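Novice: Residue numbers (my numbering), protein chains in the order written: chain U, 69 to 314; chain B, 6 to 411. Note that the Cβ used here is the ideal one computed from N, Cα and C, for glycine as well. Quantities reported herein were computed from a predicted structural model and do not represent experimental measurements.
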């Protein structure tokens, strides 16, 4: 199994006024291909900062970060943009779909910034990605005509379309009700089963039992990092939930 | 960078906001339409005034007595008796730049035929006058040099006179009318020329041999003016210089002394009118230009709001791999598409309006190619210029902040 993420003694400081805030103090860990890592932490624990660094949106003040063998710290803005485009799939809490735009067009978006992909390939890949999240019959629905769960599926499809080495999910179930949350979690679990590497940031303790490994952050440090040997199935949990009466 | 992709992205963004896109475009459409229409009206009126002056004879030169003093009292030009037949004769002999020349005398009075009468002006001229002024004889013929020698009692009449003296449709040719007490036989009828730009009826005219008017009507032996035509418009200036020289010698005017005559060309009048009309065109153009500017500021305003409103979209685009330049180009392309499409629609509307105006209002209009090119260029530049600042602002956003912008 190849190493997707390698983090070596990274620190990230912010200057707020005259004070230096240490958002991340000396974190090191590796993620290998096929892992489903949940990163848990209360607000202020540094999980968003870590996610920004892992997502190549930010660079560490100190230490090194390698994304599938590429050293990110020394890269410029534009190089990181290309790296994000080719290697990373983002899923956000608020979906961040383009308003009034069809599911297909939303999914196509990352491929617009990749000139090696032509129009036919763009469409083909996007349709495949929508298939993977079970939205093949909603391709031409606009984002405002879809439910929260469907919108998040579109967002997952958008994260898959460039065939990334890792999917970074930032509180991806945070805006959804319990049922829909488990639906989305089961989509992630399906992807995990197919061999995708996933990094899922959350503050919800419950979610950690669905990943293969759990890292807990507190005050910018890792306080716990353990493999989950008894992965629960989100589908089973969903089935055990009482059926909503409308 | 793949421009085709960026254009597709920009087009999708614009299509998703059809109403806003159209409203932004409207500013440019109105701006371009008004620039084209205003300039078309401006140059249309200029052209029509030029044509009308041209109809009077664009190479016409008028020599009038003027500037005389009688014992310290300045006299009015019409009282002056400084232009003589000898002046006419020497001009006829000596000039190189004149193709036609006629003495002129005129008198106002009542023309009478049986029970009908009309006030008019009789022009005493020679047979070249109609060519100089651009009149042509419709029926009958112009009088001849023999008529002039004999001071024959003949005349050529304009359409207004025909209408007033022969309201029943009687053929005026060969009829004897009276001007004052003098009977004149109509030997020709002029083709209608209509009103000129000063509102003067060019058909209210009676032409007779100058000798007839001089001797039989006015009883004078001097001339009230000399009208000539330069070989062509370009030679007007030389012709004026030549005439001035000859008349200065004839009138024995020393260097430094004021001339007792005026030489003016239609060319000069045309230039004056041109400059007035140019001024009007510039004025109209300025007003229209301002509306184009306002349209441009509208683009900037909307693009600026759009950047703020779409901050999250920009953050998302950046996080999935858009570089700053991609965002910059997207917003710039959006602005340019708005302004260019607005420009095209504005050109179409402007040309359409320019075609409708003469039908509805009867104003002369002439669409200028330069105004189309100019306004089109201006509005493309407007798009780039006013789109630049918001686009740059968008491209400099930090994706981390932008994606979580509320």
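From the DSSP output, which residues share a beta bridge with residue 306/U?
Specialist: As a working mapping, residue 306/U is identified with position 238 in the first chain. Looking at the DSSP assignment, residue 306/U forms no beta bridge with any residue, so it has no partner.
Novice: Could you give the residue range of the beta strand (DSSP E) that holds residue 95/U?
Specialist: Reading the first chain from its first residue, position 27 is the one you call residue 95/U. Run containing residue 95/U: 87-100, per the beta strand (DSSP E) assignment.
Novice: Using a Cβ-Cβ cut-off of 8 Å, state whether residue 405/B counts as contacting chain U.
Specialist: Counting from 1 along the second chain, the entry for residue 405/B is found at position 400. Judged by the 8 Å Cβ criterion, residue 405/B is in contact with chain U.
Novice: What in chain U is Cβ-close to residue 323/B, meaning under 9 Å?
Specialist: Residue numbering aside, residue 323/B sits at position 318 when the second chain is read from its first letter. 125, 149 and 152, listed in chain order.
Novice: Taking residue 191/U as the query, report the chain B residues whose CB atoms sit under 7 Å from its CB, ordered along the chain.
Specialist: Indexing the first chain from 1 puts residue 191/U at position 123. Within chain B, no residue comes near residue 191/U; the closest Cβ sits about 12 Å away, beyond 7 Å.
Novice: Closer than 9 Å by beta-carbon distance: list the chain U residues that pair up with residue 329/B, in chain order.
Specialist: By one-based count along the second chain, residue 329/B stands at place 324. Per Cβ cutoff of 9 Å: 145, 146 and 149.
Novice: Ignore the nearest five residues each way along the sequence and tell me which others in residue 49/B's own chain have a CB closer than 6 Å to its CB.
Specialist: Looking up residue 49/B in the second chain gives position 44. Taken in chain order, the residues that qualify are 369, 370 and 371.
Novice: Please return the same chain residues whose Cβ sits closer than 8 Å to the Cβ of residue 283/U, not counting the five positions on each side in sequence.
Specialist: Numbered from 1 along the first chain, position 215 holds the residue referred to as residue 283/U. Closer than 8 Å at the Cβ level, and outside the excluded window around residue 283/U, lie 97, 105, 106, 107, 108, 290, 292 and 293.
Novice: Check the C-beta distance from residue 315/U over to residue 92/U and give it rounded, since I have them as a contact under 8 Å.
Specialist: An answer regarding residue 315/U cannot be provided, because it is not within the stretch 69 to 314 covered by chain U.
Novice: Out of 253/B, 58/B, 301/B and 127/B, which one is the CA nearest neighbour of residue 219/B?
Specialist: Position 214 of the second chain, counting from 1, holds the residue named residue 219/B. The option with the nearest alpha carbon to residue 219/B is 127/B.
Novice: If the cut is a Cβ gap below 9 Å, which residues of chain B does residue 239/U touch?
Specialist: Within the first chain, the letter at position 171 stands for residue 239/U. Within 9 Å Cβ-Cβ: nothing; residue 239/U doesn't reach chain B, min ~11 Å.
Novice: At a CB-CB cut-off below 9 Å, which residues of chain U make contact with residue 34/B?
Specialist: Residue numbering aside, residue 34/B sits at position 29 when the second chain is read from its first letter. In chain order: nothing, as chain U lies at least about 24 Å away.
Novice: For residue 103/B and residue 270/B, what's the separation of their Cα atoms in angstroms?
Specialist: Residue mapping note: residue 103/B aligns to position 98 of the second chain, counting from 1. Residue mapping note: residue 270/B aligns to position 265 of the second chain, counting from 1. One C-alpha to the other measures close to 12 Å.
Novice: Name the residue from 333/B, 179/B, 204/B and 198/B whose alpha carbon lies nearest to the alpha carbon of residue 192/B.
Specialist: If you number the second chain from 1, residue 192/B lands on position 187. Nearest of 333/B, 179/B, 204/B and 198/B to residue 192/B, Cα basis: 179/B.
Novice: With a threshold of 8 Å on Cβ separation, who are the neighbours of residue 309/U within its own chain once the five nearest residues in sequence on each side are excluded?
Specialist: Numbered from 1 along the first chain, position 241 holds the residue referred to as residue 309/U. If we look at residue 309/U and ignore the five residues flanking it on each side, its Cβ neighbours are 246, 247 and 250.
Novice: Locate the alpha helix (DSSP H) running through residue 234/B, then write down its first and last residues.
Specialist: Along the second chain, one-based indexing puts residue 234/B at 229. Per DSSP, residue 234/B belongs to no alpha helix (DSSP H); it is in the beta strand (DSSP E), 230-235.
Novice: Verify whether the separation of the beta carbon atoms of residue 253/U and residue 275/U is less than 8 Å.
Specialist: By one-based count along the first chain, residue 253/U stands at place 185. By one-based count along the first chain, residue 275/U stands at place 207. Yes, Cβ-Cβ distance for residue 253/U and residue 275/U is below 8 Å.
Novice: Provide the residue(s) that pair with residue 125/B in DSSP beta bridges, ordered along the chain.
Specialist: On the second chain, position 120 is the one that residue 125/B refers to. Looking at the DSSP assignment, residue 125/B forms a beta bridge with 114/B.
Novice: Count the other C-beta atoms from every protein chain shown that fall within 10 angstroms of the C-beta of residue 261/B, then say buried if there are 16 or more, exposed otherwise.
Specialist: Sequence index remark: in the second chain, residue 261/B carries index 256 (1-based). Per the 10 Å Cβ criterion, exposed.
Novice: Rounded to whole angstroms, what is the Cα-Cα separation between residue 219/U and residue 165/U?
Specialist: As a position in the first chain, residue 219/U is number 151, starting the count at 1. As a position in the first chain, residue 165/U is number 97, starting the count at 1. Using only the alpha carbons, I get a separation of about 7 Å.
Novice: Label residue 64/B either buried or exposed according to how many other C-beta atoms from any shown protein chain fall within 10 Å of its C-beta, with 16 as the threshold for buried.
Specialist: As a working note, residue 64/B is residue 59 in the second chain. Result: buried.
Novice: Roughly how far, in whole angstroms, is the beta-carbon of residue 134/U from the beta-carbon of residue 74/U, given that I think they are within contact range, below 8 Å?
Specialist: Taking the first residue of the first chain as 1, we reach residue 134/U at position 66. Taking the first residue of the first chain as 1, we reach residue 74/U at position 6. Correct: roughly 4 Å between the Cβ atoms.
Novice: Could you compute how far the alpha carbon of residue 125/U sits from the alpha carbon of residue 267/U?
Specialist: Position 57 of the first chain, counted from the first residue, corresponds to residue 125/U. Position 199 of the first chain, counted from the first residue, corresponds to residue 267/U. Approximately 15 Å, taken between the alpha carbons.
Novice: Helix, strand or coil for residue 145/B? Go by DSSP, reduced to three states.
Specialist: As a first step, residue 145/B is located in the second chain; it is residue number 140 there, counting from the start. Three-state DSSP puts residue 145/B in a strand.
Novice: The beta strand (DSSP E) spanning residue 211/B covers which residue range?
Specialist: Taking the first residue of the second chain as 1, we reach residue 211/B at position 206. That run of the beta strand (DSSP E) goes 211-214.
Novice: Cβ of residue 181/U less than 8 Å from any chain B Cβ?
Specialist: The residue labelled residue 181/U in the question sits at position 113 within the first chain. Interface residue, yes.
Novice: Closest to residue 322/B by C-alpha separation, out of 112/U, 137/U, 150/U and 185/U, would be which residue?
Specialist: Here residue 322/B corresponds to residue number 317 of the second chain, with the count starting at 1. Residue 150/U is the option with its Cα nearest to residue 322/B.
Novice: Since residue 47/B contacts residue 298/B with CB under 8 Å, what's their CB separation in whole angstroms?
Specialist: Here residue 47/B corresponds to residue number 42 of the second chain, with the count starting at 1. Here residue 298/B corresponds to residue number 293 of the second chain, with the count starting at 1. No, residue 47/B and residue 298/B are not in contact; Cβ-Cβ is about 19 Å, not under 8 Å.
Novice: Tell me, which residues are paired with residue 285/U by DSSP?
Specialist: Here residue 285/U refers to the residue found at position 217 when the first chain is read from its first residue. DSSP output for residue 285/U lists 290/U as bridge partner(s).
Novice: Should the region 199-209 of chain U be regarded as contacting the region 224-232 of chain U, the criterion being three or more beta carbon pairs within less than 8 Å?
Specialist: Result yes; three or more Cβ-Cβ pairs closer than 8 Å.
Novice: Take residue 44/B and list the residues in its own chain whose beta-carbon comes closer than 6 Å to its own, dropping the five residues that flank it on each side.
Specialist: Reading the second chain from its first residue, position 39 is the one you call residue 44/B. Correct list, in chain order: 290, 373 and 376.
Novice: Against chain B, does residue 128/U count as a neighbour if the rule is that its beta carbon must be under 8 Å from one of theirs?
Specialist: For the purposes of this step, residue 128/U is taken as residue 60 along the first chain, with counting starting at 1. It does not; no Cβ of chain B falls within 8 Å.
Novice: Chain B beta carbons: is any one of them nearer than 8 Å to that of residue 160/U?
Specialist: Here the question's residue 160/U lines up with position 92 in the first chain. Output row for residue 160/U: interface = yes.
Novice: At which residue ranges does the region 176-254 of chain U contain complete alpha helix (DSSP H) runs of 4 or more residues, listed in the order of the chain?
Specialist: Correct list: 187-200 and 216-228.
Novice: Which residues, taken in chain order from the region 384-403 of chain B, show a beta carbon closer than 8 Å to some beta carbon of chain U?
Specialist: Here the close residues number zero.
Novice: What are the boundary residues of the beta strand (DSSP E) that residue 181/B is part of?
Specialist: The residue you call residue 181/B lines up with position 176 of the second chain. Per DSSP, residue 181/B belongs to the beta strand (DSSP E) from 181-184.
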